[in-house]
Amino acid sequence: MRTAVIGGGAAGFFAAITCAQLNPSAQVTIFEKTSKLLAKVKVSGGGRCNVTHACFKNNELSKFYPRGGKFLKKAFNEFNTTDTINWFKSKGVNLKIESDNRMFPTSDDSQTIIDCLLGEARRLGITIKQRTAILSIHQKDQYFDLETEQGSYQVDKVIIGSGGSPKETAYQWLVDLGHNIDSPVPSLFTFNMPNEPIKELMGLSVPNAQVKIQGEKLESNGPLLITHWGMSGPAILKLSAWGARLLHEKSYQFKIHVNWLGGIKENQLREKLIMDHDNIKARNVSNRNPFGVPQRLWDFILDKNATDPDKKWRDLSKKEINRLINSLVNDVYEVSGKTTFKEEFVTCGGVSLDSIDSAMESKSCPGMYFAGEVLDIDGVTGGFNFQAAWTTGFIAGKSACS
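One point on numbering: in this note's numbering, the residue at position 172 of the sequence shown is 194, and numbering is uninterrupted.
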């Protein structure tokens, strides 16, 4: 049996390896249009590769996917986080859990994961053709005809693991084969704030901020990082994923409200100030920050509200205290544009899940299967997109091997 896997990324490799493992007689070929294999694996997690996330309940795991969660909830019954850990362990690659539950190889080097996948592909006799773009696919009676610049190939099964694309035209060849496409828009991006002075605090991180989109119900909690272009960090990235389509419709022009203290409410903050009053009343406001925010941020908030840093807490007017409290729990910033998160481009959209069945097989092209980001599946940051790649790749490979 001849199986073609289109795409040399995580999902494509995992599908190819699974197919070859389960059917040793299958002739499996990976077609990659560029010269690079497993490019996202290489750059993920700052070059360490965030393989998966330590969430071991399928119901909970599926909640980290703005798109595709319901579909994956069933798919995780076939291959989930535990299966990923055990699979790599069986190949001699151990994973470790970090404090935020992200999982990395113990080597802290993405090359470990790349070498593992390449090694398995070689061991199983999988053919890899780089710089070989698929120009067209035609389904015949008993096989698929793949046209490339290097010639044509006839195969029995095709697995599409070609990844996401920001352009809808990139999916036209799949539309021509009868598939529905959910318009692709960016997901997992940082917020640009060209007119906001807070950029001066670049490099500063707040451990647990709450961020909301003004006028919308969207909100997110987590670490927030101030950069030289605006804001990043898990709180921002999660918000960009859940709000991918909405923020696209806004042309990435909107305002956010930041609670620098996480979920604390205004009345709770006032109560804290009353309780701390005797301890701080004789201290300068700049030298006595009772809220636990980084000192640079506190100095910025004082300056933003024109509060004299040498003033004693007991001498602050009610209006001055109100302004400080508002800045701590409801700070407003204007966003104008976005920036791709590192080199990890993720799309919301792709092949609609109503175009495939639970075996990852196309409903319009029997014998064609899908895996990875080419599907309308995407997760928040933290290893979830790779877990979706391993899961859908496994199922596609398993389904195509028979």
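The C-beta atom is built at its ideal place from N, Cα and C for all residues, glycine as well.
Where residue i falls: helix, strand or coil (DSSP)
| i | result |
| --- | --- |
| Thr-40 | helix |
| Gln-236 | coil |
| Lys-58 | coil |
| Pro-216 | coil |
| Thr-413 | helix |
| Arg-318 | helix |
| Tyr-193 | helix |
| His-75 | strand |
| His-160 | strand |
| Gly-372 | strand |
| Glu-395 | helix |
| Leu-350 | helix |
| Gly-34 | helix |
| Val-307 | coil |
| Phe-126 | strand |
| Lys-294 | helix |
| Lys-334 | strand |
| Leu-140 | helix |
Option nearest residue i by Cα separation, candidates the options
| i | options | result |
| --- | --- | --- |
| Gly-255 | Thr-362, Leu-199, Ala-143 | Thr-362 |
| Ser-209 | Gly-31, Asn-243, Gly-185, Lys-260 | Lys-260 |
| Glu-241 | Ala-266, Thr-154, Ile-220 | Ala-266 |
| Phe-53 | Ile-148, Ala-76, Gln-43 | Ile-148 |
| Pro-127 | Val-354, Ile-347, Thr-212, Arg-70 | Arg-70 |
| Ile-410 | Ala-422, Val-50, Asp-379, Thr-103 | Per the sequence presented here, residue 410 reads as Ala, with Ile not at that position. Cα-wise, what sits closest to Ala-410 is Thr-103. |
| Ile-203 | Gln-290, Leu-397, Glu-142, Ala-263 | Leu-397 |
| Asp-198 | Asn-108, Gln-161, Ala-231 | Gln-161 |
| Leu-58 | Asn-123, Phe-392, Glu-383, Arg-153 | The question names Leu, but residue 58 in the sequence shown is Lys. Comparing Cα positions, the closest option is Arg-153. |
| Gly-401 | Ser-424, Val-368, Lys-55, Ile-182 | Val-368 |
| Asn-281 | Gln-232, Pro-206, Leu-295 | Gln-232 |
| Ser-174 | Lys-151, Lys-333, Asp-321 | Lys-151 |
| Asp-379 | Gly-405, Ile-417, Val-354, Ile-347 | Ile-417 |
| His-250 | Leu-60, Gly-225, Gly-237, Tyr-87 | Gly-225 |
| Gly-419 | Met-390, Asn-407, Ala-328, Gly-404 | Met-390 |
| Ala-48 | Thr-329, Lys-113, Val-177 | Val-177 |
| Thr-51 | Val-115, Asn-289, Arg-144 | Arg-144 |
| Ser-433 | Leu-283, Phe-93, Glu-142, Ser-184 | This structure does not reach residue 433, given that the chain is present from 23 up to 424, and the question cannot be answered. |
| Phe-392 | Lys-85, Gly-185, Glu-169, Glu-100 | Gly-185 |
| Pro-388 | Thr-170, Leu-94, Gly-200, Glu-100 | Gly-200 |
| Asp-337 | Ile-323, Lys-326, Pro-316, Asp-300 | Asp-300 |
| Val-73 | Thr-106, Arg-89, Tyr-87 | Thr-106 |
| Asn-306 | Trp-335, Lys-326, Phe-322 | Trp-335 |
C-alpha gap between residue i and residue j, whole angstroms
| i | j | result |
| --- | --- | --- |
| Ala-192 | Cys-138 | 30 angstroms |
| Gly-159 | Asn-352 | Looking at the sequence shown, residue 159 is not Gly but Ile. Looking at the two C-alpha atoms, the distance is approximately 54 angstroms. |
| Met-215 | Ser-349 | 17 angstroms |
| Gly-68 | Glu-383 | 34 angstroms |
| Leu-291 | Pro-312 | 10 angstroms |
| Ile-39 | Asp-122 | 30 angstroms |
| Met-23 | Val-180 | 11 angstroms |
| Lys-79 | Pro-219 | 43 angstroms |
| Met-297 | Gly-244 | 27 angstroms |
| Leu-157 | Ile-182 | 14 angstroms |
| Lys-55 | Ala-155 | 4 angstroms |
| Tyr-274 | Ser-187 | 19 angstroms |
| Ile-347 | Ala-263 | 29 angstroms |
| Val-354 | Lys-118 | 38 angstroms |
| Ser-386 | His-279 | 45 angstroms |
| Gly-314 | Ala-257 | 18 angstroms |
| Thr-97 | Gly-114 | Checking the sequence, you will find Ala at residue 97 rather than Thr. Whole-angstrom Cα-Cα distance: 25 angstroms. |
| Thr-212 | Ile-248 | 10 angstroms |
| Ala-304 | Lys-333 | 9 angstroms |
| Leu-283 | Lys-272 | 27 angstroms |
Per DSSP, cross-strand counterpart(s) of residue i
| i | result |
| --- | --- |
| Arg-89 | Asp-400 |
| Ser-209 | Val-368 |
| Glu-169 | Ser-158, Ser-174 |
| Tyr-355 | Ile-278 |
| Asn-243 | Gln-232 |
| Ile-248 | Met-253 |
| Asp-204 | Gly-372 |
| Leu-259 | Note: Leu-259 sits in no beta bridge, so no partner. |
| Ile-135 | DSSP lists no partner for Ile-135. |
| Glu-383 | Tyr-391 |
Within-7 angstroms CB hit, residue i to chain D
| i | result |
| --- | --- |
| Ile-182 | In the displayed structure, chain D is absent; only one protein chain is listed. |
Determine, using beta-carbon pairs with one atom in the region 351 to 361 and one in the region 372 to 379, whether at least three such pairs fall under 8 angstroms.
no
Do three or more CB pairs link the region 54 to 67 to the region 133 to 149 at distances below 8 angstroms?
yes
For the 8 angstroms Cβ check, are there 3 or more pairs between the region 26 to 34 and the region 116 to 132?
no
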